[in-house]
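Below you'll find the structure, written out as structure tokens, and then a few comments.
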Amino acid sequence: MARTTGQIALPLDWSAGGANDGPLLVGTSNADAVRYLRHVATWPVRTAVLTGPRGSGRSLMGRLFAHDTGGRVIDGHDSVSEEELFHAWNAAQSSGKPLLIIADAPPADWNVALPDLASRLAAVPVLTIGEPDDCLARDLIEALFAQRGVALAPEVAAYIVPRMERSYAMLHRIVAALDAASLEKSRGISVRLTRETLLSQGLIDPDLLERQDEPTCR
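Quick note, my numbering runs 911 ahead of the 1-based positions in the sequence shown.
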């Protein structure tokens, strides 16, 4: 069962992707996209575009979508030619097997030269993953450390979240920095080590160091 944040509860079972994939963490920033991908029968056309920041789990969502539906995923609209994208769109409509295109930006920003492809893309729903909310950021920090084989005390993630720039890129940088500092100093990842490391590397805002609020999640 996919783990959910404390803000929403979704009856999802998207943990059966590739051998190296864990469950998908669902929060307010990706819930709408997940719901849409789970209900292919309601799609107005057999193609959708998924956009979001790199590191947001969009490729994992694509793999789980392919496993769940048997559809095709193109991870990066610019990883194939416009002609191949055009034929993939047509194949999805004729075969009934859905097509998901993962991209950094919506089709309107792609500068498509092929008129027939541009007209088809204009009708494609665009799903957007936003930056993580407090609860999803906390869950992702814990999950990323778990993937590295590191058991993280709950107070560490709770300390980081209110003080970090809210982005997936920063979240990955923080996890990497703390893991490296822990190995270098042969110390467990405590709130003290977290404060020292992130402050010295400029990964948290010094003006937020004294904040006392923590994510309110179940």
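Yeah, the Cβ is synthetic: ideal placement off N, Cα and C, and Gly gets one too.
Since we're looking at a predicted model, the values are computed, not measured.
Give the single residue among the options whose Cα lies nearest to the Cα of residue i.
i       : options                            : result
Gln1058 : Pro1026, Val1037, Ala1069, His1083 : His1083
Pro1009 : Ser1097, Ala952, Pro1117           : Ala952
Gly981  : Asn1001, Glu994, Asp1015, Leu1011  : Leu1011
Check for me: the alpha helix (DSSP H) holding residue i runs from which residue to which?
i       : result
Ile1052 : 1045-1058
Leu1040 : According to the sequence shown, residue 1040 is Ile rather than Leu. That residue, Ile1040, is in no alpha helix (DSSP H); it is neither H nor E in DSSP.
Asp986  : From DSSP, Asp986 is part of no alpha helix (DSSP H) but of the beta strand (DSSP E) over 983-986.
Assuming contact is defined by CB atoms lying nearer than 8 Å, are residue i and residue j in contact in what I supplied?
i       : j       : result
Ser967  : Ile1013 : no
Val1037 : Thr962  : yes
Ile1100 : Ile1071 : no
To which residues of the same chain is residue i closer than 8 Å at the C-beta, ignoring the five residues directly before and after it?
i       : result
Asp1027 : Phe997
Ala1080 : Pro964, Arg965, Gly966
Leu1063 : Ile1052, Glu1053, Phe1056, Ala1057, Ile1100
To which residues of the same chain is residue i closer than 6 Å at the C-beta, ignoring the five residues directly before and after it?
i       : result
Arg1077 : Glu1042
Leu948  : Phe976
Near residue i, which residues of its chain fall below 7 Å by C-beta distance, leaving aside the five closest residues on each side in sequence?
i       : result
Pro1117 : Leu1110
Pro1017 : Val960, Thr962, Val1037
Ser970  : Asp986, Ile1013
Between residue i and the ligand COA, is there a pair consisting of the residue's CB and a ligand heavy atom that are separated by less than 7 Å?
i       : result
Gly1007 : By its list of ligands, the structure shown contains no ligand whatsoever, and the ligand COA lies outside what it can speak to.
Mind checking which residues open and close the beta strand (DSSP E) that includes residue i?
i       : result
Ile1012 : 1010-1014
Val960  : 958-962
Query raised in the report: Pairing CB atoms from the stretch 1088-1105 with CB atoms from the stretch 967-981, are three or more of them under 8 Å?
Result: These segments do not touch.
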